[in-house]
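Data first, discussion second: the structure below is written as C-alpha cells.
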Amino acid sequence: KISAKDARSDSLKPKRRLSAFFIFMEEFREQYKLEYSHISSVTAVSKCASEVWKAMSAEEKARLMHLAEIRKAEYKKEMEDFHRKMVEAESMRVKEEPQSDVNDEEGEGDSSEED
C-alpha cells in the first residue's frame, strides 16, 4: 500500500529520460503521420520504425545516442536534487514534530508497586 507521502513524492519525482530508440520513435511517428495519415495502426508504425532503426548506420544513430546521453545526465542531476530535497523535507518534518508532554519519570500509573 502506498502512503500519501510516497504518492506525493512520486508525483514530484523527475521522469526517466527516453533511450535513443524511443527518441527516434518520437521523431519517426511524427514524420510517419504526415506521410501516411491514413494508417493509424500502432503495430504498423512500430513495425516500420523497427525496420528503419535496424537499417540505420551507426553514424545515423550517433546523434540520437548523444541526445540520449545528454538527457540521461540531466535526469541524473535532477534525481540528485530531488533526493536532496526529500531528505531536507524529511529532516524538517522530524524537527517540527511536537514533543510529548507526558513525563514518564514520575512513575504515575506504575503497576509494579508493592503493597
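Residue numbering for the sequence shown follows our numbering, starting at 188 and increasing by one per position.
From the three backbone atoms N, C-alpha and C, an ideal C-beta is built for every residue, glycine too.
It is roughly 22 Å from the alpha-carbon of serine 227 to the alpha-carbon of lysine 241. Rounded to whole angstroms, the gap between the alpha carbons of methionine 252 and valine 281 is 43 Å.
Under the three-state reduction of DSSP output, leucine 199 falls in the helix class.
In terms of Cβ geometry, phenylalanine 215 and alanine 236 form a close pair [threshold 7 Å].
In the three-state reduction of the DSSP assignment, tyrosine 262 falls in the helix class.
Within 10 angstroms of the beta-carbon of phenylalanine 211 lie 16 or more other beta-carbons, which makes it buried. The region 264-282 and the region 217-224 do not touch, with fewer than 3 CB-CB distances between them shorter than 8 Å. In chain order, Ala255 place their CB closer than 7 Å to the CB of serine 206, counting only its own chain and leaving out the 5 sequence neighbours on each side.
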